[in-house]
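At position 422 of the sequence shown (counting the first as 1) the number is 685 in the numbering used here, and the numbers step up by one without a gap.
C-beta atoms are modelled at their ideal positions from N, C-alpha and C, and glycine is treated no differently.
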Amino acid sequence: MYAEDGKILYVGKARNLKNRLGSYFRTSQLPIKTQALVSRIAQIEVTVTRTETEALLLEQNLIKALKPPFNILLRDDKSYPFLHFSDHKWPALTIKRARHQRGPGEWFGPYPSASSVREILQLLYKVFQIRQCDDTTFSNRSRPCLQYQIKRCSAPCTGEISAQAYADDLQHARLLLQGKSQKVTDLLAEKMEAAAAELDFEQAAHYRDQIQHLRQLQVQQDVDTGVGDVDVFALVASEGRSSISLLQVRQGRLIGTRHFNFENPLDASDESTLTAFIAQYFLTRTSLPPAPEILLSHELEEPEILQEALADKFGFKPRLAHKVRTQRARWLELAQTNAEQQLSHHRNKADQYQKRLEDLQAVLQMEKPVTRLECFDISHSQGEATVASCVVFDQEGPRKQDYRRFNIEGVAAGDDYAAMSQALKRRYQRIKKGEVALPDVLIVDGGKGQLNAARALLEELDITDLLLVGVAKGTTRKAGLETLFIETTDRALDLPGHRPALHLIQHIRDESHRFAITGHRQKRSKTRNTSFLEDIKGVGAKRRQALLRHFGGRKAVAEAGIEALCQVEGINRALAEEIHATLHPN
């Protein structure tokens, strides 16, 4: 469904096209949001597929690529946490992020929650004392490190443990990751009894401690559930918003949870919403294979088509169930509780944000509600790699797709006023041209100097339809003691620390600072990791390496004359003159 300007409004599939389209054009009992969609439709295009499974896949791919505003939209999953045993004589156990298992070694995962992976990792370090250092560090140790002292590593680097004992610990860790903690406990119990029989009481005590840690884990995780491998999805919807909680259960253990909050643009039914979510999640938004069984809070629409699509992508057809009993019912109830809490938390957070906006309107004495705010900040290290940030908040909160960074060039090192002026000019010239929406409130992080620089720039561009606010930290630089300058430095305002308006200003100020300093660090890191010879035409990686190897460092290359440069392999006189001229512009 296309709007008049050619933008796509909605993508859908239908077994019966006439009935599906007819449902959008009824004369009565049409939901308000569906009426809003229909009022904007200027054109409808149809693509015919051979099977319903192909139609489902095409629908989800188009939604992912085009992001229509009236479809349910999820964010992409960029990477997933895995536990990785390195390919080494004495393997290390670390956490790695990747879209798929790749590279040598053993991989366990992926896991939906990074925090749950870290908890598992710390348990394995504590119980089995597997090394966690990189191979270079391992190869160059002459004595055990601190991890050995606090009993988080058995120090194979210095021979504190035998190869067989370390291999046993690795095998026990693998069994635990496979959900076989009871088998590990039984093996350790046998070893403890054998050590005690041989009067090796110190080793027997070590096995006893490991068993105690594993017993605690079994109590906490409720291992022996008999559920097997299950993905659990529960949906709760209210007032145009939906929340879905995913519980991932492997070998009867809950290994992670994820929560998704999104708008329901057309107030679709719970069954339709959950169907769209499951299809989009597994078919286009994740490479994680589903569990053999998927538990659902609502019955899906056309589940057979979804099963066929999942079979085409992952090679097996998972079982879909929504009416379950015993342990499965308890997992579903837990997922439902999580979804309800997430939706309640999101609603409370939204209500709190609206109160902050209303209080800000009152504090600034604005006649109209605040619908858009922008905040600017400058970040640098003693003038190096200066970066300005612009963050945008609207009535829903941070609008991250509108965030922008500006690399500041041509200003004196450390001149924050000139840097602020340059960033504002580059941003507000576009606003002046109508390319970007004009905010209601412009906030600059800084005191009187930054405010004056911003005021002068706005006057230069003849922009008057916004309110300018400067945020100056107090003498102690503590949150809650900021001074606000409204429009001019003569109008100062000190709000009490409990005011919602101040909390909103602190939020947007801190976000602009975070965004600026992240950009500054990236720019500084790129500069320091870039060779000073890279911009010289004709000097590639091999010649840069030859120059540095011949002279021994950057300073010696910069001080070398043309004749000395000609002595380097691969450098002729013309290139030597070019290098010398570039390094000595004066």
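Neighbourhood of residue i by C-beta, 6 Å cutoff - its chain only, sequence neighbours within 5 removed
{"i": "Leu846", "result": "Ala821"}
{"i": "Ala735", "result": "Gly710, Thr746"}
{"i": "Ala458", "result": "Gln466, Ala467"}
{"i": "His843", "result": "Ile825"}
{"i": "His608", "result": "none"}
{"i": "Glu831", "result": "According to the sequence shown, residue 831 is Val rather than Glu. Excluding residues within five positions, the ones whose Cβ falls inside 6 Å are Ala809, Leu810, His813."}
{"i": "Ile780", "result": "Ser642"}
{"i": "Ala539", "result": "Ile335"}
{"i": "Glu603", "result": "Val499"}
{"i": "Glu841", "result": "none"}
Residue span of the alpha helix (DSSP H) that contains residue i, given as start and end
{"i": "Gly712", "result": "711-724"}
{"i": "Ala598", "result": "589-626"}
{"i": "Arg223", "result": "Past the boundaries of the shown model lies residue 223; the chain is included only from 264 to 849, so the question cannot be answered."}
{"i": "Leu546", "result": "533-546"}
{"i": "Ala426", "result": "426-440"}
{"i": "Ser402", "result": "398-402"}
{"i": "Glu841", "result": "836-846"}
{"i": "Val301", "result": "295-303"}
{"i": "Thr316", "result": "315-329"}
N-terminal and C-terminal residue of the beta strand (DSSP E) that residue i is part of
{"i": "Trp370", "result": "369-371"}
{"i": "Tyr343", "result": "343-348"}
{"i": "Arg513", "result": "504-513"}
{"i": "Ser684", "result": "Looking at the DSSP string, Ser684 is not in any beta strand (DSSP E); the run it does join, the alpha helix (DSSP H), is 679-695."}
{"i": "Leu747", "result": "746-749"}
Contact check, residue i vs residue j, beta carbons under 8 Å
{"i": "Ile706", "j": "Ile799", "result": "no"}
{"i": "Val626", "j": "Leu758", "result": "yes"}
{"i": "Phe391", "j": "Asp432", "result": "yes"}
{"i": "Leu259", "j": "Tyr470", "result": "The question about residue 259 has no answer, for the chain in this structure spans 264 to 849."}
{"i": "Asn601", "j": "Ser508", "result": "yes"}
{"i": "Cys396", "j": "Ala355", "result": "yes"}
{"i": "Ala606", "j": "Ser506", "result": "According to the sequence as given, residue 606 is Leu; it is not Ala. A contact, by the Cβ cut-off of 8 Å."}
{"i": "Leu724", "j": "Tyr691", "result": "yes"}
{"i": "Lys276", "j": "Leu529", "result": "no"}
{"i": "Ser560", "j": "Leu498", "result": "yes"}
{"i": "Gln543", "j": "Leu337", "result": "yes"}
{"i": "Gln645", "j": "Gly697", "result": "no"}
{"i": "Val309", "j": "Leu280", "result": "yes"}
{"i": "Tyr666", "j": "Phe778", "result": "yes"}
{"i": "Ala839", "j": "Cys829", "result": "yes"}
{"i": "Ile834", "j": "Arg806", "result": "yes"}
{"i": "Pro331", "j": "Leu284", "result": "no"}
{"i": "Asp708", "j": "His776", "result": "yes"}
{"i": "Arg619", "j": "Pro763", "result": "yes"}
Selection from the options that minimises the alpha carbon distance to residue i
{"i": "Tyr265", "options": "Asp728, Gln685, Ile304, Phe391", "result": "Ile304"}
{"i": "Asp703", "options": "Gln628, Leu724, Leu433", "result": "Gln628"}
{"i": "His585", "options": "Leu563, Glu603, Leu573", "result": "Leu563"}
{"i": "Ser642", "options": "Arg787, Phe464, Glu461", "result": "Arg787"}
{"i": "Trp353", "options": "Lys389, Arg394, Leu569", "result": "Arg394"}
{"i": "Ile383", "options": "Phe545, Leu438, Ala764, Ile834", "result": "Leu438"}
{"i": "Leu386", "options": "Asp350, Leu336, Leu440, Cys420", "result": "Leu440"}
{"i": "Leu721", "options": "Leu687, Arg693, Glu698", "result": "Leu687"}
{"i": "Val654", "options": "Ser644, Glu647, Gln645, Phe669", "result": "Phe669"}
{"i": "Gln298", "options": "Leu325, Gly760, Leu510, Phe333", "result": "Phe333"}
{"i": "Gln900", "options": "Val447, Thr290, Glu637", "result": "The chain is shown only over 264 to 849; residue 900 falls outside these bounds and no answer can be derived."}
{"i": "Arg772", "options": "Ala460, Phe656, Cys829", "result": "Phe656"}
{"i": "Gly519", "options": "Arg381, Gln410, Asp472", "result": "Arg381"}
{"i": "Ile413", "options": "Glu797, Ala804, Tyr388", "result": "Tyr388"}
{"i": "Asp614", "options": "Glu630, Lys631, Gly660", "result": "Gly660"}
{"i": "Pro344", "options": "Pro367, Ser378, Arg313, Val311", "result": "Ser378"}
{"i": "Asn527", "options": "Ile541, Ser501, Thr549", "result": "Ser501"}
Spatial neighbours of residue i in its chain, beta-carbon cut-off 8 Å, leaving aside the 5 residues before and after
{"i": "Gln558", "result": "Reading the sequence as shown, one finds Leu at residue 558 and not Gln. So the list reads Val493, Asp494, Val495, Phe496, Ala584, His585, Val587, Arg591, Trp594, Leu595, Ala598, once near-sequence residues are dropped."}
{"i": "Arg718", "result": "Leu731, Glu750, Thr751"}
{"i": "Thr547", "result": "Gln323, Asn324, Ile326, Lys327"}
{"i": "Pro848", "result": "none"}
Nonlocal neighbours in the same chain, by C-beta distance under 7 Å from residue i, ignoring five residues either side
{"i": "Val490", "result": "For Val490, the predicted model reports a pLDDT of 49, less than 50, meaning its position is unreliable; a value from the coordinates is still stated below. If we look at Val490 and ignore the five residues flanking it on each side, its Cβ neighbours are Val512, Gly515, Gln590, Arg591, Trp594."}
{"i": "Ala682", "result": "Ile641, Thr649, Ala651, Ile671, Val674"}
{"i": "Ile749", "result": "Leu627, Val732, Leu756"}
{"i": "Pro419", "result": "Trp353, Arg394, Tyr429"}
{"i": "Phe545", "result": "Pro553, Leu573"}
{"i": "Val699", "result": "Arg693"}
* Asked: Is it true that the stretch 308-322 meets the stretch 396-409, where meeting means three or more beta-carbon pairs spaced less than 8 Å apart?
  -> No, the stretch 308-322 does not touch the stretch 396-409.
* Asked: Is the stretch 344-360 touching the stretch 371-389, taking contact as three or more C-beta pairs under 8 Å?
  -> Contact holds: three or more Cβ-Cβ distances are below 8 Å.
* For the stretch 567-578 against the stretch 589-601, are there 3 or more C-beta pairs whose distance is under 8 Å? -> No contact exists between the stretch 567-578 and the stretch 589-601.
* Say whether the stretch 572-581 touches the stretch 545-555, bearing in mind that this needs 3 or more beta-carbon pairs closer than 8 Å, one atom from each stretch. => The stretch 572-581, when compared against the stretch 545-555, does touch it at the 8 Å Cβ threshold.
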